[in-house]
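Below is one structure, written out as structure tokens, with a few remarks after it.
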Amino acid sequence: MHRPTTGSDDLQAAWRVFIETAARLQTMLDDDLRATAGMSLADYSVLLILHESDGGRLRMRDLSHRMVFSSSRLSYQVDAMVKRGWLQRERATEDRRGSYASLTDAGRSAFSDAAHDHYRCVDALFFSALDPADGRELRAVMERLATHLDTTHPRTQET
Numbered sequence: 001m002h003r004p005t006t007g008s009d010d011l012q013a014a015w016r017v018f019i020e021t022a023a024r025l026q027t028m029l030d031d032d033l034r035a036t037a038g039m040s041l042a043d044y045s046v047l048l049i050l051h052e053s054d055g056g057r058l059r060m061r062d063l064s065h066r067m068v069f070s071s072s073r074l075s076y077q078v079d080a081m082v083k084r085g086w087l088q089r090e091r092a093t094e095d096r097r098g099s100y101a102s103l104t105d106a107g108r109s110a111f112s113d114a115a116h117d118h119y120r121c122v123d124a125l126f127f128s129a130l131d132p133a134d135g136r137e138l139r140a141v142m143e144r145l146a147t148h149l150d151t152t153h154p155r156t157q158e159t
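First residue of the sequence shown: 1, per the UniProt record's numbering; consecutive thereafter.
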């Protein structure tokens, strides 16, 4: 393993606390969503992304990039949500190669029903532990890391 040459102990400690805390937080959010809304954190994330998208739909490749899912993993996720009536698939008429995932009325309702309790959980686990200055600093660090990843390891384009 390559060890950083500057600030090695601090960077190693930051990495450990980051990876462990991120995994713990995601597990806790997933557990809460399953208990309160009957959906996983991945379900909620798909619904949120589509809820925020123009017309409640997004190309599968774009959704895959946002979710950081492989095409096959996203396909499985979307298929499960189609079975629940939350999403539908639409062929892309503009190029016939791709497809869209789009929210159904039931998906909008499921998202709306879950959002209040999910916000409560995020507030209790994340927002309440930080102040606005922490948020600005954390956002700056995470945006710098995201830019670094985009520059050094760009995402591949899939249909």
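Heads up, the beta-carbon is just placed ideally off N, CA and C, and yes, glycines get one too.
When 52, 12, 63 and 22 are compared, the shortest CA-CA separation from residue 108 is found for 52. Here the alpha carbon of residue 15 sits roughly 44 Å from the alpha carbon of residue 93. For residue 110, the enclosing alpha helix (DSSP H) stretches over residues 105-125.
A Cβ-Cβ separation of about 5 Å places residue 99 in contact with residue 89 under the 8 Å criterion. With fewer than three CB-CB distances shorter than 8 Å, the stretch 121-140 does not count as touching the stretch 59-73. At least 9 Å separates the beta-carbon of residue 121 from that of residue 39. Assignment of alpha helix (DSSP H) within the UniProt domain "HTH marR-type" (11-147), counting only whole runs of 4 or more residues, yields 41-52, 60-67, 71-83 and 105-125 in chain order. Rounded to the nearest whole angstrom, the C-alpha separation of residue 153 and residue 71 is 17 Å. Residue 41 is a Cβ neighbour of residue 33, given a cutoff of 9 Å.
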